[in-house]
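Everything below concerns the one structure shown next.
Chains as they are written, first to last, in the working numbering: chain A, 1091 to 1213; chain B, 384 to 1082.
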């Protein structure tokens, strides 16, 4: 069954990585949950794109959090930086890669639904 | 220190204490040990035999180190001390304090030495706004010392206090019972270490190999920092002192964000703004470019990495927007404040492109420009796609976070800074004039980079066409024809917010001003309503809201004036630029070379000295950078192609001026000038001779 996390990574491997500069390169592992039930996502950045797998390998940067919180992150309900400061999202490794990754996360859903951008894109 | 508090810092860890070295903070009192926007120590009081001590003197040895000389008793008239107490304190990841007591008597002496310690773990925002805490406190003792712990859900912060000598530790501090021989001394080392926790674990700082205690991270490179900067030779002792003060303060203001890999950018101010700010970090980097170009490189990298990528109303974030302010404290963590980071400013984004271009012009570092092409293009796109809130081709701002966002998203960010001549305030959104100038300059500079580095001449053509269109409309819509200056802003009806303000100088700097209008703008900037004799007031005398001690409505800001002087040079008004440089540098002399954020807009001939605006932060980064930019404008330093052009216009009071070893794409170059501009007789005497020469040296 495909949940919001799967949908998020599907978008990423499509054209969802457009917010990334081409210089972004390296690997990022996302560990969701802990112990035997840990769900792993392994991202490789390069040439402006992202490839995604479930490899359990050493990465340049690691994000550890619960599946619930990550689901919040990929749906824009949880801000990654605030979560890290609060201690519910753990970050390790290359800080630049982590900052570039959070650029791929969407904004809060309420904003998008209400379309509250005052100006918006001009044609 | 002028305000009676002693501040030492390293990165974003700092200690603010009274002249005895004691800390007795209340929720609203801004003393303590702070790190990453959290107060880790709010009580730190030394007593000897139950008595408080009295300060004889304080040496702030370096910006990260201070020494307090104390004697027992709190008498202020005469002290007959048989004891001296010396506290030497250095900031690192926490602080280290060496406590020494000297016995001057012929008999041995027994003492109970006590240090009271506690922490309220206040967020900086709570200190500013006097807010109550939501978590719980625990003080506990183990073999490592006294631990002060604060926890709120998964958020935890801890301070650990330990001593090198035997101490009786209780939950409120440490007591030493000591005997000191006649003319002998006793010493102990106190360590205060901060730790950040999450998920039940605490992360303490990792010290360098062989070091067991907090050490300043940047202190060791201060000598090197000073050596790398250009050398200033001149007849004017005060200018030399101001230059050195600026370099040292700029060193103290260095802040190393995590994404910068150990490199630093200028934080905005000490101590409350020791963090990354879009506007302040960029403008200070611009001021310091001819002196310390690496600050600009780090600013471009860190702000670029954090560029906005989505629409988030709480953080006023848009794709392509450059951040306003980053914070790390509890209120940011729990999203009670939007600073993770907060994006609500309208100028940092165009200024980002301006800095990128100016950086390349000085350093020739094309690889960074190539690396940041993505961010620069997104920033340029933001100007058209997200900043033009009314769809009429201007940059507008209006916060979407109505609770904790910023109302005024330009540098004059206080509530009443933007007003009509009659004092009325316009509604939102607002399009202030300098934002249009920055947008124009960003497009022109973006076009240059696009053609010369990104190899995209079509994009360059488009940007230039947009810039020229913007300039044409701007000179029509913002021009207050009767008075000969540009309106402070446009309101939503398209009417001019018609006050005369210093923003006109930024317009000259941006190049958006039609040549035919420049003379009239300059006459206004240096006319009696705006020019106080020290500098250009933020708002002209006679405007409805003018107040010589109003934050953005009449005071003189050194940083503002340094950019105005740059603008005057850009349009060829060398004497006027020299006039402003002299006024601001004279003012610096009254503050020991450390310019405040702002001083009163009173007429110079009346007060004779500049009246400092009371402000919490000193040094302030862009005030620190002001003398540097003024040196650049006085010497007329301009990178043209591979060369540094020197075209000095110095006030006579400065005399001879040599700036040696100016770094850039040319290697190192020297610039010389001699004062020829008779500021006193401006504007009747226009011409004077400047003698200049420059030579290239092998670097």
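Cβ coordinates follow ideal geometry from the N, Cα and C atoms, glycine included.
Of all C-beta pairs linking the segment 427–435 of chain B to the segment 468–487 of chain B, three or more are shorter than 8 Å, placing the two stretches in contact.
Taking a Cβ-Cβ threshold of 7 Å, the residues of chain A close to residue 754 of chain B are 1113, in chain order.
In the DSSP assignment, the residues bridged to residue 995 of chain B are B:982. Contact of residue 580 of chain B with chain A by beta-carbon distance below 8 Å involves 1177. Taking a beta-carbon distance threshold of 8 Å, residue 699 of chain B does not count as an interface residue toward chain A.
Taking a cut-off of 8 Å for Cβ pairs, the segment 503–523 of chain B and the segment 440–460 of chain B do not touch, as fewer than three such pairs fall below it. Within the DSSP bridge table, the entry for residue 516 of chain B names no partner. Near chain A, meaning a CB-to-CB distance below 9 Å, the residues of the segment 636–662 of chain B are 640, 641, 642, 643, 644. Per DSSP, residue 535 of chain B is one residue of the beta strand (DSSP E) stretching across 528–535.
For residue 758 of chain B, the closest Cβ of chain A is nearer than 8 Å.
In the three-state DSSP reduction, residue 1029 of chain B falls in the coil class, being neither helix nor strand. In this structure residue 887 of chain B is buried. Its beta-carbon is surrounded by 16 or more other beta-carbon atoms within 10 angstroms. Taking C-beta atoms as the reference points, residue 932 of chain B and residue 944 of chain B fail to come closer than 8 Å. Below the 7 Å Cβ cutoff, chain B contributes 692 as neighbours of residue 1193 of chain A, in chain order. For residue 1190 of chain A, the enclosing alpha helix (DSSP H) covers residues 1185–1192. For residue 1125 of chain A, the nearest beta carbon of chain B is not closer than 8 Å to its own beta carbon. In this structure, the beta-carbon distance from residue 834 of chain B to residue 843 of chain B falls below 8 Å. Just so you know, the alpha carbons of residue 1028 of chain B and residue 745 of chain B end up roughly 11 Å apart. When secondary structure is reduced to three states using DSSP, residue 781 of chain B falls in the coil class, being assigned neither helix nor strand. Under the three-state reduction of DSSP output, residue 674 of chain B falls in the coil class, being neither helix nor strand. Collapsing the DSSP output to three states places residue 524 of chain B in a strand. In the DSSP assignment, residue 659 of chain B falls outside any alpha helix (DSSP H) and carries neither an H nor an E. Taking a contact to require three or more Cβ pairs closer than 8 Å, the segment 974–987 of chain B and the segment 1014–1031 of chain B do not qualify as touching. By the rule that beta-carbons nearer than 8 Å mark a contact, residue 1197 of chain A touches chain B. DSSP places residue 912 of chain B outside both helix and strand once states are collapsed to three, so it counts as coil. Across the segment 522–542 of chain B, CB contacts with chain A closer than 8 Å involve 536, 537, 538, 539, in sequence order along the chain. Taken atom to atom, the span from the alpha-carbon of residue 876 of chain B to that of residue 724 of chain B is near 32 Å.
Looking only at A:1116, A:1131, A:1111, the smallest Cα-Cα distance to residue 1097 of chain A is reached by A:1131. Comparing alpha-carbon positions, the option among B:891, B:769, B:756 lying closest to residue 829 of chain B turns out to be B:756. From the beta-carbon of residue 1190 of chain A, the residues of chain B found nearer than 7 Å are 688.
Secondary structure of residue 946 of chain B (DSSP, three-state): helix.
Residue 1155 of chain A is outside the set of residues whose beta carbon lies under 8 Å from a beta carbon in chain B.
Exposure of residue 975 of chain B is indicated by the presence of fewer than 16 other C-beta atoms within 10 angstroms of its C-beta. Sequence-distant partners of residue 1144 of chain A (beyond 5 residues in either direction) whose C-beta falls short of 6 Å from its own C-beta, in its chain, are 1130.
Within chain A, the residues whose beta carbon sits less than 8 Å from that of residue 723 of chain B are 1169, 1171, 1172, 1175, listed in sequence order.
In this chain, the alpha helix (DSSP H) harbouring residue 1162 of chain A covers 1157–1164.
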